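Have a look at the structure below before the remarks.
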Amino acid sequence: KGQFLEPVFCRAVEVASMCLRESPSSRPTMSDVVLALNYLTSLQYDPNETNENSARGERGRRGQINKSRLDFEESENTPKETRMLNKDSEREQAVAEAKMWGETWREKRRQSSESDNGNLNR
Numbered sequence: 008k009g010q011f012l013e014p015v016f017c018r019a020v021e022v023a024s025m026c027l028r029e030s031p032s033s034r035p036t037m038s039d040v041v042l043a044l045n046y047l048t049s050l051q052y053d054p055n056e057t058n059e060n061s062a063r064g065e066r067g068r069r070g071q072i073n074k075s076r077l078d079f080e081e082s083e084n085t086p087k088e089t090r091m092l093n094k095d096s097e098r099e100q101a102v103a104e105a106k107m108w109g110e111t112w113r114e115k116r117r118q119s120s121e122s123d124n125g126n127l128n129r
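Just so we're aligned: the sequence shown equals residues 8 to 129 in my numbering.
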């Protein structure tokens, strides 16, 4: 307790919950999890900061803005989380395309066998 800002802790819980998804293909890879957690732990928390600075996260440190890190309270998704969401979307798209291809292939095969059987019965 007291080692991380609440928004950082919430993001860590979100990463953990993503790992518990029922479908393995929608879970993040271990390298994604490690990168996300490394990023979250790199966001240092100083309990001696004033509440105002603490509430603003990384931006409040000595009046400097750390451009390499996102302020969790202003950002909906971290860059890695966005990539994971995009990866999930790409997987879903690829699976849908593969299913469509399989259905089309089976239909053509069925039609081909029906036409071959029709030619033999004449």
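C-beta atoms are modelled at their ideal positions from N, C-alpha and C, and glycine is treated no differently.
All values reported here derive from a predicted model rather than from experimental measurement.
Given a threshold of 16 other Cβ atoms within 10 Å of its Cβ, counted over all protein chains shown, does L12 qualify as buried or as exposed?
buried
Span of the alpha helix (DSSP H) holding L42?
M37 to S49
Span separating the alpha-carbon of L147 from that of R113
Given that the chain is displayed from residue 8 to residue 129, the structure contains no residue 147 and the question cannot be resolved.
Report yes if the C-beta distance between L50 and V22 is below 9 Å; otherwise report no.
no
Nearest by alpha-carbon distance to L42: which of E29, R28 and A19 is it?
A19
Taking DSSP as the reference, what is the three-state secondary structure of D53?
coil
K94 versus Y52 - alpha carbon distance
31 Å
Burial state of V102, where buried means 16 or more other Cβ atoms lie within 10 Å
exposed
Exposed unless 16 or more other CB atoms sit within 10 angstroms - verdict on P31
exposed
Which residue marks the beginning of the alpha helix (DSSP H) containing E21, and which one marks its end?
E13 to C26
Of the residues M37, E99 and G109, the one placed nearest M25, counting alpha carbons only
M37
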